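J.:
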Amino acid sequence: MTDATNIYDHAGEPSFGDYVALLKPRVMSLVVFTALAGLIVAPVAVHPFIAFMSILCIAVGGGASGALNMWWDSDIDAVMKRTKGRPVPSGRVTRQEALAVGLALSGFAVVMLGLAANWVAAGLLAFTIFFYAVVYTIWLKRSTPQNIVIGGAAGAFPPMIGWAVATGGVSIESVLMFVLIFMWTPPHFWALALFMNDDYTKAGVPMLTVTHGRKATRVHILVYTLLLAPMALALAATSIGGPVYLATSLVLNALFILGAIRLWRRDEDQAGADKYAAEKKFFRFSLLYLFLHFVALMVQSWIAPFGLGGW
Amino acid sequence: MSFHPEHELHKRRFGRNLGLLAVLCGFVALVFVLTIVKVSEGGKMEAFDHSVRPSLTTPEAGQ
Numbered sequence: 181m182t183d184a185t186n187i188y189d190h191a192g193e194p195s196f197g198d199y200v201a202l203l204k205p206r207v208m209s210l211v212v213f214t215a216l217a218g219l220i221v222a223p224v225a226v227h228p229f230i231a232f233m234s235i236l237c238i239a240v241g242g243g244a245s246g247a248l249n250m251w252w253d254s255d256i257d258a259v260m261k262r263t264k265g266r267p268v269p270s271g272r273v274t275r276q277e278a279l280a281v282g283l284a285l286s287g288f289a290v291v292m293l294g295l296a297a298n299w300v301a302a303g304l305l306a307f308t309i310f311f312y313a314v315v316y317t318i319w320l321k322r323s324t325p326q327n328i329v330i331g332g333a334a335g336a337f338p339p340m341i342g343w344a345v346a347t348g349g350v351s352i353e354s355v356l357m358f359v360l361i362f363m364w365t366p367p368h369f370w371a372l373a374l375f376m377n378d379d380y381t382k383a384g385v386p387m388l389t390v391t392h393g394r395k396a397t398r399v400h401i402l403v404y405t406l407l408l409a410p411m412a413l414a415l416a417a418t419s420i421g422g423p424v425y426l427a428t429s430l431v432l433n434a435l436f437i438l439g440a441i442r443l444w445r446r447d448e449d450q451a452g453a454d455k456y457a458a459e460k461k462f463f464r465f466s467l468l469y470l471f472l473h474f475v476a477l478m479v480q481s482w483i484a485p486f487g488l489g490g491w
Numbered sequence: 315m316s317f318h319p320e321h322e323l324h325k326r327r328f329g330r331n332l333g334l335l336a337v338l339c340g341f342v343a344l345v346f347v348l349t350i351v352k353v354s355e356g357g358k359m360e361a362f363d364h365s366v367r368p369s370l371t372t373p374e375a376g377q
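For the record, the sequence lines run as chains R and S. Using this note's numbering, the letters of the first sequence map in sequence onto residues 181 to 491. Using this note's numbering, the letters of the second sequence map in sequence onto residues 315 to 377.
Here's what the structure looks like:
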């Protein structure tokens, strides 16, 4: 082999940043935030370093499942505008490397979380990685338009893991935090699918917008938003809820339902005329909706020692 | 023919190695601090290892 072929072979030499990109840092930030919220609102105090280490493990575990997702989905990532710049479809990192990074970091994250916190939290993290990589990415994503609904469970586990880090178990509060994200995911992603439909059609991913059309998707968004509201409000009645959370949740759910009704009443001509402005607004608000719910829960736990929290 | 030392390829590879070094050093530091925290919190120092360990058995009532 000549030096010239050596240079050619290494033309796709990845940088360190490419491996970081494999871990989907933006998704990781949501995982970190919700896991931290679950840990903070739990009624058991955790040593700050163990809390830091646990959140780091949860973040790395979430990132590892992102790498496994990029390994399996590199073919469809290559045809979607939103994802074709990712390290694997752009040729900077090979599929095998993505798989190796995903598997190695999954093992590391689970074992380190078990050693740092407890094995209930580690078990939940292992199940989350399995659920996202195998159940969602490999099995459901390409086979059913309900992919987002069931796959959303993977993104809903982090606050439950955070809670388990502190308490060593599962309780009604952590289950309701799970349900909050689980029910929020479909309207959030379907709103995105409404204005990114071309991408999913090209990739052949059976998103609801592709299989049942946009009108049906708008109905689904409204139904899930209506089902989400009582679940979100139910958290207010638990030991981690209180007046601050209740007030925040009431306002956010009212606005979210109004937004869903607005989307439901629109047709494609209206949406096309303003370039899906309402859909984009609903999508952006959905992010704020989830963020503020968890902020309210954390505020509730911070003001509790001053006699202002809980019921 | 030899590679030019300033080739972009080398820079990228050096950056990657440096990143890996930082990650490994960080990991060592994390395990070290975790050990200190675990020990100072007074967690169990012994566990079942297939041999009789009287220190792990609970004393019977009246003893």
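Backbone N, C-alpha and C fix where the C-beta goes; we use that ideal spot for every residue, glycine too. Here the structure is a predicted model, which means the values were calculated and not measured.
Distance cutoff 8 Å, beta carbons only. Does S:Leu348 sit that close to anything in chain R?
T.: Indexing the second sequence from 1 puts residue 348 of chain S at position 34. Closer than 8 Å: yes.
J.: Give me the Cα-Cα distance between R:Leu408 and R:Leu210, rounded to the nearest whole angstrom.
T.: Taking the first residue of the first sequence as 1, we reach residue 408 of chain R at position 228. Taking the first residue of the first sequence as 1, we reach residue 210 of chain R at position 30. Distance between the alpha carbons of R:Leu408 and R:Leu210 is about 19 Å.
J.: Report the three-state DSSP secondary structure of R:Glu353 (helix, strand or coil).
T.: Translated into positions along the first sequence, residue 353 of chain R becomes position 173. Looking at R:Glu353 - three-state DSSP - the assignment turns out to be helix.
J.: Could you say if the stretch 255-275 of chain R and the stretch 379-390 of chain R meet the contact criterion of at least three C-beta pairs nearer than 8 Å?
T.: Taking 8 Å as the limit for Cβ pairs, the verdict is that the stretch 379-390 of chain R does touch the stretch 255-275 of chain R.
J.: Here's the rule: buried if 16 or more other CB atoms are within 10 angstroms of the residue's CB, otherwise exposed. What is R:Thr182?
T.: Translated into the one-based positions of the first sequence, residue 182 of chain R becomes position 2. Caution applies to R:Thr182, whose pLDDT of 44 falls short of 50 and renders its modelled position unreliable; the value that the coordinates give is listed next. Exposed, because fewer than 16 other Cβ atoms sit within 10 Å of the Cβ of R:Thr182.
J.: Is there a Cβ from chain S that is less than 8 Å from the Cβ of R:Met363?
T.: Position 183 of the first sequence holds residue 363 of chain R. It does not: the Cβ of R:Met363 has no partner Cβ on chain S nearer than 8 Å.
J.: Can you round the beta-carbon distance between R:Gly218 and R:Met357 to whole angstroms, since I take them to be within the 8 Å contact cut?
T.: Numbered from its first residue, the first sequence carries residue 218 of chain R at position 38. Numbered from its first residue, the first sequence carries residue 357 of chain R at position 177. Contact flag correct, Cβ pair sits at about 6 Å.
J.: Between which two residues does the alpha helix (DSSP H) holding R:Asp378 run?
T.: Looking up residue 378 of chain R in the first sequence gives position 198. Per DSSP, R:Asp378 belongs to the alpha helix (DSSP H) from Asn377 to Ala383.
J.: In this structure, how does DSSP classify R:Phe471 when only helix, strand and coil are distinguished?
T.: Indexing the first sequence from 1 puts residue 471 of chain R at position 291. Helix at R:Phe471.
J.: Out of R:Pro267, R:Thr263 and R:Gly242, state which residue places its alpha-carbon closest to the alpha-carbon of R:Tyr199.
T.: Mapped onto the first sequence, residue 199 of chain R falls at position 19. That would be R:Pro267, whose Cα lies nearest to the Cα of R:Tyr199.
J.: Hey, would you say R:Pro367 sits closer than 8 Å to R:Asn327, going by beta carbons?
T.: Here residue 367 of chain R refers to the residue found at position 187 when the first sequence is read from its first residue. Here residue 327 of chain R refers to the residue found at position 147 when the first sequence is read from its first residue. No, the pair does not count as a contact, with Cβ atoms beyond the cut-off.
J.: Can you give the Cα-Cα distance for S:Glu355 and R:His227, rounded to whole angstroms?
T.: The residue you call residue 355 of chain S lines up with position 41 of the second sequence. The residue you call residue 227 of chain R lines up with position 47 of the first sequence. Taking the straight line from one Cα to the other gives about 9 Å.
J.: Does R:Thr317 pass the burial test, meaning 16 or more other C-beta atoms within 10 Å, or should it be called exposed?
T.: Your numbering for residue 317 of chain R matches position 137 in the first sequence. Buried, by the Cβ-count rule.
J.: Does the beta-carbon of R:Lys261 have 16 or more other beta-carbons within 10 angstroms, so that it is buried, or is it exposed?
T.: As a first step, residue 261 of chain R must be located in the first sequence, where it is residue number 81. Burial call: exposed.
J.: Helix, strand or coil, according to DSSP, for S:Asn331 in the structure here?
T.: Taking the first residue of the second sequence as 1, we reach residue 331 of chain S at position 17. Note: S:Asn331 maps to helix in three-state DSSP.
J.: My understanding is that R:Ser234 touches R:Leu304, with C-beta atoms under 8 Å, so please give their C-beta distance in whole angstroms.
T.: For this step, residue 234 of chain R is matched to residue 54 along the first sequence. For this step, residue 304 of chain R is matched to residue 124 along the first sequence. Their Cβ separation, rounded to whole angstroms, is 11 Å, which puts R:Ser234 and R:Leu304 out of contact at 8 Å.
J.: Is the distance from the Cβ of R:Leu248 to the Cβ of R:Leu203 below 8 Å?
T.: As a working mapping, residue 248 of chain R is identified with position 68 in the first sequence. As a working mapping, residue 203 of chain R is identified with position 23 in the first sequence. No, the Cβ-Cβ distance between R:Leu248 and R:Leu203 is not below 8 Å.
J.: Quick one: grab the DSSP three-state call for R:Ile483.
T.: Counted from its first residue, the first sequence places residue 483 of chain R at position 303. R:Ile483 falls in the helix class under three-state DSSP.
J.: Does any C-beta atom of chain R lie closer than 8 Å to the C-beta of S:Gly356?
T.: Taking the first residue of the second sequence as 1, we reach residue 356 of chain S at position 42. Chain R contact via Cβ: absent.
J.: Quick one: list the residues of chain R neighbouring S:Leu335, beta-carbon separation under 7 Å, in chain order.
T.: To locate residue 335 of chain S, count along the second sequence from 1; it is residue 21. Within 7 Å Cβ-Cβ: nothing; S:Leu335 doesn't reach chain R, min ~10 Å.
J.: I'd like to know if S:Leu338 contacts chain R, where contact means its C-beta is closer than 8 Å to some C-beta of that chain.
T.: In the second sequence, counting from the first residue as 1, residue 338 of chain S sits at position 24. No, no contact with chain R.
J.: Could you tell me whether any Cβ in chain R is nearer than 8 Å to the Cβ of S:Arg367?
T.: Your numbering for residue 367 of chain S matches position 53 in the second sequence. It does not; no Cβ of chain R falls within 8 Å.
J.: Rounded to whole angstroms, what's the CA-CA distance from R:Arg275 to R:Ala306? Just pull it up for me.
T.: Your numbering for residue 275 of chain R matches position 95 in the first sequence. Your numbering for residue 306 of chain R matches position 126 in the first sequence. Taking the straight line from one Cα to the other gives about 22 Å.
J.: Between which two residues does the alpha helix (DSSP H) containing R:Pro338 stretch?
T.: On the first sequence, position 158 is the one that residue 338 of chain R refers to. Looking at the DSSP string, the run of the alpha helix (DSSP H) that includes R:Pro338 is Pro338 to Thr347.
J.: If you draw a straight line from the C-alpha of R:Leu436 to the C-alpha of R:Ser466, how long is it?
T.: Locating residue 436 of chain R in the first sequence gives position 256, where the first residue counts as 1. Locating residue 466 of chain R in the first sequence gives position 286, where the first residue counts as 1. Reading off the sequence shown, one finds Phe at residue 436 of chain R, where the question assumed Leu. Looking at the two C-alpha atoms, the distance is approximately 7 Å.
J.: What's the call for R:Ala302, buried or exposed, on a 16-neighbour Cβ count within 10 Å?
T.: One-based indexing of the first sequence puts residue 302 of chain R at position 122. R:Ala302 comes out buried.
J.: Please give me, in chain order, every unbroken run of the alpha helix (DSSP H) with length at least 4 that falls completely inside the stretch 406-453 of chain R.
T.: 423-445 and 448-453, all fully within the stretch 406-453 of chain R.
J.: Looking at R:Ala239 and R:Ala346, is the spacing between their C-beta atoms short of 8 Å?
T.: Counting from 1 along the first sequence, the entry for residue 346 of chain R is found at position 166. Counting from 1 along the first sequence, the entry for residue 239 of chain R is found at position 59. It is not a contact, given that the beta carbons lie outside the stated cut-off.
J.: If you draw a straight line from the alpha carbon of R:Gly348 to that of R:Ala231, how long is it in whole angstroms?
T.: In the first sequence, counting from the first residue as 1, residue 348 of chain R sits at position 168. In the first sequence, counting from the first residue as 1, residue 231 of chain R sits at position 51. Distance between the alpha carbons of R:Gly348 and R:Ala231: 13 Å.
J.: Quick check: is the beta carbon of R:His392 nearer than 8 Å to any beta carbon in chain S?
T.: Position 212 of the first sequence, counting from 1, holds the residue named residue 392 of chain R. It does not: the Cβ of R:His392 has no partner Cβ on chain S nearer than 8 Å.
J.: With three or more beta-carbon pairs closer than 8 Å as the criterion, would you say the stretch 479-486 of chain R touches the stretch 454-466 of chain R?
T.: Touching, no.
J.: For R:His190, which residues in the same chain have their Cβ closer than 6 Å to its Cβ, ignoring the five residues on either side in sequence?
T.: The residue given as residue 190 of chain R occupies position 10 in the first sequence. Legend: pLDDT at R:His190 = 48, less than 50; position of this residue unreliable, value from coordinates given subsequently. Around R:His190: no qualifying Cβ.
J.: Compare the C-beta of S:Val351 against all C-beta atoms of chain R and say whether one is closer than 8 Å.
T.: In the second sequence, residue 351 of chain S corresponds to position 37, counting from 1. Yes - at least one Cβ of chain R is within 8 Å of the one on S:Val351.
J.: What does a CB cutoff of less than 8 Å around S:His321 pick up in its chain, not counting 5 residues either side in sequence?
T.: Translated into positions along the second sequence, residue 321 of chain S becomes position 7. The answer is none, since no qualifying residue turns up.
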